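In our numbering, the protein residues as written are 249 to 432.
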Amino acid sequence: MSPTPARLTFAAALLAPSLLACADRRAGDDSVAEIPDECGDVDGDGGDTGNVPNILGSWTATMGAKQFEESCGLAGLSKGSDTVVHGAMEIKGRVPDQLYLVFDEDSGERFFGLVAPTGGATFSGVHESAEGNMHIAVGGLTYDDVYRDRTYIEGHAFIGVDLDLDGNIDCSAKGEWTAAKSGA
C-alpha cells in the first residue's frame, strides 16, 4: 500500500514541530533553551524504549583492550596501538540517520552512521593512511551506565585495509570498541 498525499501531509504535520525545534536549537536560538534536547536523543527523555541517551557530542574511544585480532602485521594495527578509531571523537549531524563521526577534525574524514530507537548505533567510512585505505566500521549499543556514571557506546570495530589501493581488503583488524561520552 503506497502512502496517499493525505497520509504524507498528516505525517509531515506530526513531524514538523520536532523538526523545527531541532532546527532552532541547531541555529543557537536561546528562546528554545527549555526544550529537552531531543535532536540527539532518538527516543526523547524517558521514551517507551527506555531512555536512549543523546548521542551527539564529544566522546573518547578505545579499541581492542580486551579482544583483538589482526592479520596485517602493520605497526599501527597491533593490539594496544593507537589506531584511527582510538582517542577523541565527535558525533554530529541529525538523529536518526544523518549522523557522522569525526576522529580528527583537521582530516576532514567523516564516518557516516545512524542510531536506532533502541540505542544501536553504527558508523562507517574510509581513512586514508600511509599503509593504505582503511575501510572502517564501528558501532554498538548506546546506554547510560549507572555504575560508572557515564554514557557509553559499547560494541565492535572492524578495519579492513586495502594495502595496494586496488579496491580489495587485503588484511584486517577487529576487536571490541568502547566510547565514553565526555563530560557529566
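Cβ atoms here follow ideal geometry from the backbone N, Cα and C, with glycine treated the same way. A quick note: this is a predicted structure, and the numbers were derived from the prediction, not measured.
### Query
Closest by CA to Asp412, which one among His404, Ala427, Asn381?
Of the listed residues, the one whose Cα sits closest to Asp412 is Asn381.
### Task
Return yes when the Cβ of Val386 is within less than 9 Å of the Cβ of Phe360, no when it is not.
Their beta carbons are not under 9 Å apart, which means Phe360 does not touch Val386 by this criterion.
### Query
Considering only C-alpha positions, which residue in the set Ser319, Arg396, His375 is nearest to Ser430?
Considering only alpha carbons, the answer is Arg396.
### Task
Give the single residue among His404, Thr399, Asp393, Pro365 whose Cα lies nearest to the Cα of Ser372.
For the options His404, Thr399, Asp393, Pro365, the alpha carbon positioned closest to that of Ser372 is the one of His404.
#### Entry: Lys340 to Leu349 span [Cα, whole Å]
Between the alpha carbons of Lys340 and Leu349 lies a distance of about 6 Å.
### Query
Can you tell me whether DSSP reads Glu424 as helix, strand or coil?
Glu424 falls in the strand class under three-state DSSP.
### Query
Which same chain residues, not among the five before or five after Ala271, have their C-beta less than 7 Å away from its C-beta?
Confidence at Ala271 is low in this model, with a pLDDT of 44, below 50, so the placement of that residue should be treated as unreliable; the coordinate-derived value is given next. Result list for Ala271: empty, nothing under 7 Å.
### Message
So for Gly388, helix, strand or coil by DSSP?
### Response
In the structure shown, the three-state DSSP call for Gly388 is strand.
### Task
Confirm, please, whether the CB-CB distance from Asp410 to His383 is below 9 Å.
Judged by beta-carbon spacing, Asp410 lies within the 9 Å limit of His383, meaning their Cβ atoms are closer than that value.
### Query
Would you call the CB atoms of Ser420 and Ser319 closer than 9 Å?
Cβ atoms of Ser420 and Ser319: closer than 9 Å.
### Task
Going by CA-CA distance only, name the one from Gly368, Asp330, Ser329, Asp393 that's closest to Asp345.
Comparing Cα positions, the closest option is Gly368.
### Task
Mark Gly356 as exposed unless 16 or more other C-beta atoms lie within 10 angstroms of its C-beta, in which case mark it buried.
Note on Gly356: under 16 other CB atoms within 10 angstroms of its CB, so exposed under the neighbour-count rule.
### Task
Determine the extent of the beta strand (DSSP E) in which Lys327 is found, giving its start and end residues.
No beta strand (DSSP E) contains Lys327, which DSSP labels as neither H nor E.
### Candidates Asp354, Thr331, Ser329, Glu338: closest to Ile303 by CA position
Comparing Cα-Cα distances from Ile303 to each of Asp354, Thr331, Ser329, Glu338, the minimum goes to Glu338.
### Query
Is the CB-CB distance between Pro301 and Thr370 below 9 Å?
Not in contact: Pro301 and Thr370 (Cβ atoms no closer than 9 Å).
### Message
Spatial neighbours of Trp307 within its chain, please: C-beta separation below 8 Å, excluding the five flanking residues on both sides.
### Response
Residues of the same chain with a CB within less than 8 Å of the CB of Trp307, apart from the 5 flanking positions on each side, are Ala336, Met337, Glu338, Ile339, Ile401, Ala427, Ala428, Lys429, Ser430 in chain order.
### Query
Exposed or buried, which one is Trp425 when buried takes at least 16 other CB atoms within 10 Å?
The residue in question, Trp425, is buried, as its Cβ has 16 or more Cβ neighbours within 10 Å.
### Task
Count the other CB atoms, across all protein chains shown, that sit within 10 Å of the CB of Ala313; report buried if there are 16 or more and exposed otherwise.
Under this definition Ala313 is an exposed residue.
#### Entry: Unbroken beta strand (DSSP E) run spanning Ala369, endpoints
368-377 is the extent of the beta strand (DSSP E) around Ala369.
### Query
Are the beta-carbon atoms belonging to Ile407 and Thr331 less than 9 Å from one another?
Judged by their CB atoms, Ile407 and Thr331 are nearer to each other than the 9 Å cut-off.
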